[in-house]
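Numbering (this note's numbering), first residue to last: 2 to 813. Where is the CB? At the ideal position from N, CA and C, for every residue including glycine. The structure under discussion appears below in the form of structure tokens.
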Amino acid sequence: MLYLPPPFLLHTSIVATSMSIHLIDNDGHLLPEKKVEDFLTRVIHTTAAGEEPSLNSVGVNYHLVGVFGGQSSGKSTLLNHLFGTDFQTLDETVRRGQTTKGAFMASATQNSTQKDTSVSPLLVVDFEGTDGLERGEDQNFERQLSLFGLSAADTLIINMWAVDVGRFNAANLSLLRTIFEVNLQLFSHDSYQKEEKPTLLIILRDFTEEDPNPSLVTVRKSFDTIWESISRPETYANAPIDELFNLKYYVMPHYRLQKQEFMDSVLRLTKWFVDPSDKDYLFEHKAMFRGVPLEGLPSYFTNCWDAIINSKDLDIPTQRELLAQHRCKDSKEEELKSFLMFTRHYDDRIARGEMLLRLTEVLEEEMDARLESYRGKTKLYNATVVRQFEEELQTAMVDAVLKVVRRFSASIAQEVIGNVETRLQGLLDDCLQHLFKASQVLPLSSSSTAKGAEDDEDEGEHPATAAAVGQYLDNSGCQHLVRKFWKSLKRSTNGLLDEMVANPPSAHLFGRYTSLIAQDHTARSNVVNEVTENVFNKLFSRFSSMAESASETMHRCFEQCLTHNADGSVRYFATATGLQKAVPGAQQAALVLMGTLLYFRLRLKPVDEDDLEKSSSKVELRLLTERKEISYSENPSEKEFMLQYHSLDRLPKYPTGVLVADGEDDTKGIVPKNVLLSEGAIKYAFDLFRQNCAFTTQLQMRSIEAGKQRLPAWVPPALLILGWNELMYVVKNPILLLFVIAIVFFFFKNYIIAQWEAFMETGPSSVTVPLQVFARNVQQFADKAGLSQTEPGEDVAADASSSASRKEKKDQ
């Protein structure tokens, strides 16, 4: 039935509009947005005087009042009297029970004759009563409606019977606890203005006592008890409830026993809603408390209701999360869009070739500003959700900054890579030279002392490698040299890369960008990361290339060890014996190099956090956590993945049956991509290497034979007999003797030196070694006395000669 207001209500600013909609039906279905929008449009057109209004013109200058209370507590009757609405009321002649099902919305607008346009439009929502028999113990729908009311209304009326004061459920104190929590966590501000505080109007119905103060004191004590039990932010830990909420109380006489007094109290209470001049006017702030424009209210209703009914858990924290996620996501996207527009400007400048000083600092300042703006917009919402979206925003902005920084530092990285490349090649060559030298002097054992006297398969001997047959390699010694090489290469390479992080920046590395890098540490960290990865890839590419042509690489090693001294100078052999002595060491060096090329033993690993410098910059901190270093570490499988050496003329044994890593965990097996030589490649390279060695040795042998100047065996005795008298004459004449010696040395110098070298190569070690030591001591004495100038590397050559002599002596 429709309620018609009494005649005296016509003198107020409220008239019955007979306009209402069933906003949420009994089954929990929300009215479609279009119908809600049509209703609001009709309300605005009906109440407006003169001009043609629109929802957009109203904006947020309206108010929405919701009423909560127990079932059959007279909520609809109260609203009809207060606002002239036509909500259905209980017919007690039929039965007591549920009247309002779901939620109804109506409008209470200005009287068309009233000229005061300062009063904002007022919407009223009547919610289904709580604690009803029809719902029983199923409070799910009641909680859904309560949550919807808290999300939509900016003023809440709590309809409470006077006789229920002091009770918990009957007095709706559980509902009040929900109101306190939601407003505190979701809609409060750090510093409240009076007009921003949410208003809770507690109406005590059917009050028959003379003094209302004892009842109001009891109500307030109940509120304080609830407030103390709520978990509050630290800012409001000691704050009273009045600091965050406007609590209003109103006592109304008994509706039936004091009819006239009840109607008078309705008139007084109506002014609280419609008369801005009243001292108790509830809407001191003209705009809607929730800040939702009227044209967006239908969509807002839909979003709130969908979030509520689709939630499996209807507790308050879940609802706070839903609202916080919506608000935080919007704020995040808004700030990120603004930041991307800012970075695009600098990205365009970099594309035009500009070199920008303090680029990262400028971008990070803007990023901090956007984060601060995000925090200001979301500080009132669930802290966990705010932090989650803040991390997402920060990650997205850091990614955007890194994109700009990487483009900016690309040219710097190329400059550094160009400056590093030559030095890297030199470091690699030095490590290889040390490997060759150490491999040459590694002792070989003869077949007579070989362990186990292995019965080697006859693979066929080449004439040039006959001297190598029966000579066995020290397997553990060769493997030790391989490991030592990789450790040395790792140490040398990291030493080069460490120069990039030294302060002040090295000018010979950064070139014309040195001053720029000194001011932009983030760009420098990015350059270090890019160069480190580039250096590692270049090393891997170099070794892969060497492994692809393993036989040629080994042959070059053999030739260098055979034809060059320790100081790098060219070595010539005077006799075939000297050549044959040098061939096994050169072959051994080449085989050790083959073991080095078997498996790439370096890897990129993150730098230990303890070794990193601390940084307050978010972008640089990301780059520091991504920093890697070249490391050498072997798991048990990799330690076993080594060639097993035997004799010089026998193919090294390939390490089969070793566990292979599964691609995710490389600490349990060998990494397939790091295997540079397969078993078939090893055999092919070894066979081709032996052929090339035989050919090179034969060429050297022919060169020695062609350079020999031999006299017939009878010539020296014949010259001695025929020239005996002349010889004795020269010997007895000192001056003539010195003259003859000078003439002979001048014309036969090369011959004498050749004979001396031949003697040193073929002579017994018991004679040659002391002579070499004597010659070295004389040379050192001459250097100290300033009698001669020693060329760089002569001492190294002498040491190498001494090592070779000791090796020969050991073999004998």
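Own chain residues within Cβ distance below 7 Å of residue i, not counting five before or after
i	result
S300	E34
F601	F541, F544, N675, L677
L341	A401
T78	T90
Y4	Since pLDDT at Y4 reaches only 36, below the 50 mark, its modelled position is unreliable, and no value is offered.
G478	L443
S493	L428, C432
M547	T554, L598
L270	L83, Y251
Coil, strand or helix - residue i by DSSP
i	result
A238	coil
M86	What sits at residue 86 in the sequence shown is Thr, not Met. If DSSP states are grouped into helix, strand and coil, T86 belongs with coil.
Q645	strand
S339	helix
A519	helix
L424	A small fix is needed here, since residue 424 is Arg in this sequence, not Leu. DSSP places R424 in helix when its eight states are reduced to three.
S446	strand
D316	Confidence in D316 is poor, its pLDDT being 43 and thus under 50, which makes the residue's placement unreliable; the coordinate value appears in the next sentence. Correct three-state label for D316: coil.
A109	strand
G461	With a pLDDT of 40 at G461, under the threshold of 50, the modelled position of this residue cannot be trusted, and the question is left open.
L79	helix
Y655	coil
Y250	strand
D127	strand
L737	helix
L31	strand
T576	coil
V417	helix
A590	helix
E211	coil
M398	helix
W715	coil
N535	helix
P585	helix
M356	coil
G60	coil
Sequence-distant residues of the same chain with beta carbon closer than 8 Å to residue i, five excluded per side
i	result
H509	N420
L24	L31, L32, V37, G103, A104, F105, M106, V126, F302
S230	R178
S278	none
Per DSSP, cross-strand counterpart(s) of residue i
i	result
K671	A small fix is needed here, since residue 671 is Ile in this sequence, not Lys. For I671, which the question treats as bridged, DSSP gives the partners V661.
I158	V68, L202
H346	Partner(s): none; H346 has no beta bridge.
V571	H565
P607	K629
Y600	V676
I22	M106
Y473	S446, S648
Short Cβ contact (8 Å threshold) for residue i with residue j
i	j	result
L148	I227	no
A163	F208	yes
C694	Q588	yes
A551	F437	no
L372	L394	yes
F246	L205	no
L83	S108	no
N476	Q645	yes
V661	P653	no
I671	F696	no
Same chain only: Cβ atoms within 6 Å of residue i, ignoring 5 sequence neighbours per side
i	result
L364	V402
R827	With the chain covering 2 to 813 only, the question about residue 827 has no answer from this structure.
E531	A414
S410	A524, N527, V528
T344	A401, V405
L498	T533
Contact test: residue i Cβ vs the ligand GDP heavy atom, cutoff 7 Å
i	result
D225	With respect to the ligand GDP, the structure offers nothing, as it holds no ligand at all.
**Asked** Would you call the segment 367-387 and the segment 630-647 touching, i.e. three or more CB-CB distances under 8 Å?
**Response** With a cut-off of 8 Å, the segment 630-647 and the segment 367-387 do not count as touching, because too few Cβ pairs lie within range.
**Request:** Inspect the CB distances between the segment 678-685 and the segment 515-524 and report whether three or more fall short of 8 Å.
**Result:** no
**Request:** Report yes or no: do the segment 532-541 and the segment 552-570 share at least 3 C-beta pairs separated by less than 8 Å?
**Result:** no
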